[in-house]
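A.B. asks: When we follow numbering that gives the first Met the number 0, the leftmost residue of the first sequence carries the number 0, and every step to the right adds one.
For glycine and all other residues, C-beta sits at the position ideal for the given N, C-alpha and C.
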Amino acid sequence: MNQKEKDIFFTDRLMYWHRVDNKRDMPWKGEHDPYRIWISEIILQQTRVEQGTGYYHRFIKAFPTVEKLAKAADDKVFKLWEGLGYYTRCRNLIRAARLIHTEMENVFPASYECILALPGVGPYTAAAISSFAFNLPHAVVDGNVFRVLSRFFGITEPIDTASGKKNFSDLANRLIDKKRPGSFNQAIMDLGAVICKPRLPSCDQCPLKIHCTAYLKDRIAALPVKGKKPERIERYFYYLVIRYNDKVYVRKRKGQDVWKDLYEFVLFEENRPVSMSRLKKLTFIPDKTGLATCRVTGISETHIQQLTHQTITARFIELRSNSPVSIPGYRAVKPSALLKLPFPKLITHYFKSIG
DNA sequence: AAGTCGGGGTT
DNA sequence: AACCCAGACTT
């Protein structure tokens, strides 16, 4: 079997499987509104379908059109994104919606290049929207596609290099069904999610197995090849939950660190754990300005959050003040307002723990 | 090219 | 505990 025949086998078998045997269903399947497809694709970046589905429904209900999203307050949008992670996606979603609102008369761009130019939209998302909404022949390349193609064609080149990405993209675009690019993209991702899974793939049910290189050579577990593996660093957060009357002090996180645009309490970060005795006296805080009128009323258990590149261990030190406290960058908010602000999972877990 | 950005499910 | 998920952006 030569290369061309193998290409044709791949596409034809994949499309037949999709038409006849693919039972995977998702809320946005068959959707052609580019706005809704865009929302779903951004939500699903590095996110499992099961995890993103609820967010998708809530988002579309709150913001049924790009104009509604463009006109919404930042914190209201972030509140809907709360808990989903990768919060830059939310920031870019807002930016793009406002671009479409103010510069494109609320009409979603209809070409691959213009879609790709939107903030938060990369090659994958541009191809997905192009093919699903506008039936344009651009092949998606996501984690599923890397896996399916590397295994079927026995490609050992790493997928996380510029060259590797280009080669996989070129291959996918060579294979794509030009008549039904949207269906092809859906099919290959579904096959990767349902059959050609990362571990313990269901090769016995695979429509491609008779010509799958990895299956025939028993190389399934070795593909795809990835290069880098991140090192995880340890961080220790000490949050001062300072109350004066019924208000508590918070700020919005800025800079380039994790949880940008989410809220938090008064933070002191250490390189190593701080002992309980020091916590009770707050002796680890270099500048105690403004805390003179505070007394410690409680110290929480440690709350641990595992992120991809770091492990954050946090404790919440609850304080009461008998006078207003002035802390640069922080403001006091009522409990009712607090509930409307977006917080990282670490802090919402703390909320749950204290009721 | 390498590093960074979350949170959760699977094995 | 390691790996991965409908990736994109910054440095």
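With 16 other CB atoms within 10 Å as the buried threshold, where does isoleucine 232 fall?
C.D. replies: Isoleucine 232 comes out exposed.
A.B. asks: With threonine 347 as the anchor, note down where its alpha helix (DSSP H) starts and where it stops.
C.D. replies: First-last of the alpha helix (DSSP H) with threonine 347: 344-353.
A.B. asks: Could you please give the first and the last residue of the uninterrupted beta strand (DSSP E) stretch that includes cysteine 293?
C.D. replies: Residues 293-298.
A.B. asks: Considering only DSSP beta bridges, list what phenylalanine 315 is partnered with.
C.D. replies: Its beta-bridge partners are Tyr238.
A.B. asks: Taking a contact to mean a Cβ-Cβ separation below 9 Å, would you say proline 206 touches aspartate 20 in this structure?
C.D. replies: Contact: yes.
A.B. asks: Count the other CB atoms within 10 Å of the CB of glutamine 204; is the residue buried (16 or more) or exposed (fewer)?
C.D. replies: Counting Cβ neighbours within 10 Å, glutamine 204 comes out exposed, since fewer than 16 surround it.
A.B. asks: Assign asparagine 184 to buried or exposed, taking buried as 16 or more other Cβ atoms, counted over all protein chains shown, within 10 Å of its Cβ.
C.D. replies: When all chains shown are included, asparagine 184 counts as buried.
A.B. asks: Quick one: what does DSSP say threonine 288 is sitting in, helix, strand or coil?
C.D. replies: Reduced to three states, the DSSP call for threonine 288 is coil.
A.B. asks: Pairing CB atoms from the segment 149-165 with CB atoms from the segment 68-85, are three or more of them under 8 Å?
C.D. replies: With a cut-off of 8 Å, the segment 68-85 and the segment 149-165 do not count as touching, because too few Cβ pairs lie within range.
A.B. asks: What's the gap between the Cα of alanine 179 and the Cα of proline 327?
C.D. replies: The sequence as given places arginine at residue 179; alanine does not occur at that position. One C-alpha to the other measures close to 57 Å.
A.B. asks: Serine 322 by DSSP, collapsed to three states: which one?
C.D. replies: Coil, per DSSP.
A.B. asks: Once you ignore the five residues that flank glutamate 269 on each side, which residues in its own chain have a CB closer than 6 Å to its CB?
C.D. replies: So the list reads Tyr235, once near-sequence residues are dropped.
A.B. asks: Looking at isoleucine 42: is its Cβ nearer than 9 Å to the Cβ of tyrosine 34?
C.D. replies: It is not a contact, given that the beta carbons lie outside the stated cut-off.
A.B. asks: Using a threshold of 9 Å, state whether the C-beta atoms of leucine 290 and valine 324 are closer than that.
C.D. replies: Against a cut-off of 9 Å, the Cβ pair of valine 324 and leucine 290 comes out as a contact.
A.B. asks: Please report the distance separating the alpha-carbon of aspartate 169 from that of aspartate 159.
C.D. replies: So the two alpha carbons sit approximately 15 Å from each other.
A.B. asks: What distance in whole Å lies between the Cβ atoms of proline 343 and tryptophan 258, which are believed to be in contact at a cut-off of 8 Å?
C.D. replies: With 8 Å as the limit, tryptophan 258 and proline 343 qualify as a contact, their Cβ atoms being about 4 Å apart.
A.B. asks: Measure the C-alpha to C-alpha separation of arginine 12 and glutamine 2 and round it to an integer number of angstroms.
C.D. replies: If I take the Cα positions, the gap works out to 15 Å.
A.B. asks: So does the segment 74-85 actually touch the segment 329-347, counting three or more Cβ pairs closer than 8 Å?
C.D. replies: Flag = yes, the segment 74-85 and the segment 329-347 touch.
A.B. asks: Quick one, which of Ala95, Gly51, Pro26 and Val140 has its alpha-carbon nearest lysine 67's?
C.D. replies: The candidate whose alpha carbon is nearest that of lysine 67 is Ala95.
A.B. asks: What alpha helix (DSSP H) runs, 4 residues minimum, are completely inside the segment 78-163?
C.D. replies: Entirely contained in the segment 78-163, the alpha helix (DSSP H) runs reaching 4 residues are, in chain order, 87-102, 111-115, 122-133 and 142-152.
A.B. asks: Leucine 261 to lysine 253, Cα distance in whole Å?
C.D. replies: Near 8 Å, if we compare the C-alpha coordinates of lysine 253 and leucine 261.
A.B. asks: For valine 106, does the count of other Cβ atoms within 10 angstroms reach 16, so buried, or fall short, so exposed?
C.D. replies: It is exposed - the Cβ of valine 106 has fewer than 16 other Cβ atoms within 10 Å.
A.B. asks: With the cut-off set at 9 Å, would you say phenylalanine 131 and glutamate 30 are in Cβ contact?
C.D. replies: Contact flag set, yes.
A.B. asks: Compare the Cα-Cα distances from alanine 331 to each of Lys246, Ile36, Ser149 and Pro122 and report the closest residue.
C.D. replies: Checked all of Lys246, Ile36, Ser149 and Pro122; the closest Cα to alanine 331 is Lys246.
A.B. asks: Can you have a look at glutamate 40 and say buried or exposed, based on whether 16 or more other CB atoms are within 10 angstroms of its CB?
C.D. replies: When all chains shown are included, glutamate 40 counts as buried.
A.B. asks: Tell me which residues share the same chain as proline 223 and place their Cβ nearer than 7 Å to its Cβ, disregarding the 5 neighbours each side in the sequence.
C.D. replies: Counting only Cβ-Cβ distances below 7 Å, and skipping sequence neighbours, we find Phe145, Arg146, Ser149 and Ile158.
A.B. asks: Can you tell which of Ile7, Ala109, His348 and Ile219 has its C-alpha closest to the C-alpha of arginine 173?
C.D. replies: Nearest C-alpha to arginine 173: Ile7.
A.B. asks: Are valine 139 and methionine 188 touching if we call contact CB-CB under 9 Å?
C.D. replies: Against a cut-off of 9 Å, the Cβ pair of methionine 188 and valine 139 comes out as a contact.
A.B. asks: Could you name the residues of the same chain whose beta carbon sits closer than 6 Å to that of threonine 310, not counting the 5 residues immediately before and after it, in chain order?
C.D. replies: These residues qualify, in order along the chain: Arg231 and Glu233.
A.B. asks: When the Cα of lysine 225 is compared with those of Lys164, Ile175 and Val193, which residue comes out closest?
C.D. replies: It is Lys164.
A.B. asks: Which whole runs of the alpha helix (DSSP H) in the segment 34-65 are 4 residues long or more, in chain order?
C.D. replies: The segment 34-65 contains these whole alpha helix (DSSP H) runs: 48-61.
A.B. asks: What is the residue span of the alpha helix (DSSP H) that leucine 190 lies within?
C.D. replies: Leucine 190 -> alpha helix (DSSP H) spans 180-193.
A.B. asks: Of all the beta strand (DSSP E) runs that stay within the bounds of the segment 242-283, which reach a length of 3 or more residues?
C.D. replies: Taking only runs of at least 3 residues, the beta strand (DSSP E) segments lying wholly in the segment 242-283 are 246-251 and 265-269.
A.B. asks: Pull the bridge partners of histidine 302 from the DSSP assignment, please.
C.D. replies: BP columns for histidine 302 point to Ala313.
A.B. asks: For threonine 64 and leucine 115, I'd like the C-alpha separation in whole angstroms.
C.D. replies: Straight-line Cα distance between these residues: approximately 20 Å.
A.B. asks: Is it buried or exposed for tyrosine 349, if we count other Cβ within 10 angstroms and need 16 for buried?
C.D. replies: So tyrosine 349 counts as buried.
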